[in-house]
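For the sequence shown, my numbering assigns the number 18 to the initial residue and increments by one for each residue that follows. For every residue, glycine included, the Cβ atom is placed at its ideal position computed from N, Cα and C. Values in this document were obtained by computation on a predicted structure and should not be read as measured data. Presented below is the structure to which this report refers.
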Amino acid sequence: MAFVTRFAPSPTGPLHLGHAYSALLAHDLAVAARGRFLLRIEDTDIERCRPEWEAQIYDDLHWLGLRWPEPVLRQSDRVAEYEVVLDSLAARGLVYPCSCSRADIRAAVSAPQEGVAKPGIYPGTCRHRTMATRLPGDALRLNMAAAVAAVALPLRYCDTGSEQPGWHEISAPGLIARHGDVVLGRKDIGTASYVLAAVLDDCHQQISDVIRGADLCEITEVQVLLQHLLGLPTPTYHHHHLIRDAQGKRLAKRCDARALSKYRGEGATPAEIRGMVGL
Ligand code: GLU
């Protein structure tokens with residue numbers, strides 16, 4: 018199978034050293050394997066995505082010396098394809114509409130009668146709702162118990178990365194306890210959430226190897242579950258270590274202290290950036 022990988026930033030802020038590492042590593046591995054390196058713009062979060070950040074992504078990556086085939090896939094161009102898949106999951110009874118706000122979820126999780134629910138895991142308030150009750154502005158959640166019942170568990174995937182190398186087994190209790198009823202359809206614009214859109218795009222772009230930061234290790238089990246639910250192939254994953262600041266904190270987009278554009282402005286060369294991230 019041909020080696021195809023991608024770098025998939027969201028244009029919600031400046032690229033920093035961590036992004037540079039991820040993009041350069043993916044690119045270098047593709048070159049070494051005589052494969053392909055693709056760029057994908059993950060712009061489903063219309064509130065936070067900005068055209069100027071997207072323009073800066075192209076500029077920074079070009080400056081680093083990276084090249085990719087055009088046209089670049091932008092998730093905002095694939096909303097219709099995502100809708101078809103959300104409809105098919107709805108027809109199978111695997112998703113339900115949810116109107117809960119973050120505050121509703123916090124309140125339900127902290128209420129004594131909901132003691133079984135874990136922080137961060139949706140307590141299931143709207144799980145009884147049918148698709149016929151869907152209102153504009155409702156999110157669509159995966160009914161995780163129904164989803165795990167619809168596939169042959171345990172599922173397996175291979176991670177060749179530095180963080181958790183080897184084969185991983187995914188179990189029903191793990192999916193339910195760690196993830197619960199994740200959002201697959203966003204409430205704001207009615208398109209797919211990141212977790213679903215990335216799975217559909219990885220298949221659409223025939224990605225053989227997903228190279229990305231270890232912050233996405235945990236969500237991988239949901240993505241592998243979705244691949245099985247939808248009959249899609251599971252790529253090989255390579256979760257790499259995160260680039261941290263001097264205090265050991267992982268770099269965040271909102272902190273532009275390590276923005277590539279800042280280093281560029283100060284006269285750093287692409288070779289120096291490679292050195293800074295250990296490549
Ligand atoms: N868009 C995600 C991010 O910027 C990356 C998702 C992925 O590589 O699967 O963190």
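The Cβ-Cβ distance between Ala215 and Glu64 does not fall below 8 Å.
His245 and Gly178 do not touch by the CB rule: their CB atoms are close to 21 Å apart, not below 8 Å.
In the displayed model, Val89 falls within coil according to three-state DSSP, outside both helix and strand. Going by C-alpha positions, Ala37 is about 18 Å away from Glu180. At a cut-off of 7 Å, the beta-carbon of Val200 does not count as near ligand 1: no heavy atom of the ligand is closer than that.
By alpha-carbon distance to Tyr99, the top candidate from Leu217, Gln73 and Ile138 is Leu217. The beta carbon of Val200 sits closer than 6 Å to those of Ala156, Arg158 and Ser210, all from its chain and outside the five residues before and after it, given in chain order. Proximity of the region 62 to 80 to the region 100 to 108 falls short of the contact definition, fewer than three beta-carbon pairs being nearer than 8 Å.
The beta carbons of Phe24 and Ala43 sit closer together than 8 Å.
The region 224 to 235 and the region 87 to 94 do not touch, with fewer than 3 CB-CB distances between them shorter than 8 Å.
By the Cβ criterion, the region 187 to 202 is not in contact with the region 41 to 55, since fewer than three pairs of Cβ atoms, one from each stretch, lie closer than 8 Å.
In this structure, Val227 has its CB closer than 7 Å to one or more heavy atoms of ligand 1. A distance below 8 Å between beta-carbons, with the five flanking residues on each side excluded, links Leu259 to the following residues of its chain, in chain order: Gly35, Gly230, Ala231, Asp232, Arg267 and Leu268.
Close CB contacts of Met161 within its chain, under the 8 Å cut and outside five residues either way in sequence, are with Leu192, Ile193, His196, Gly197, Asp198 and Val199 (chain order).
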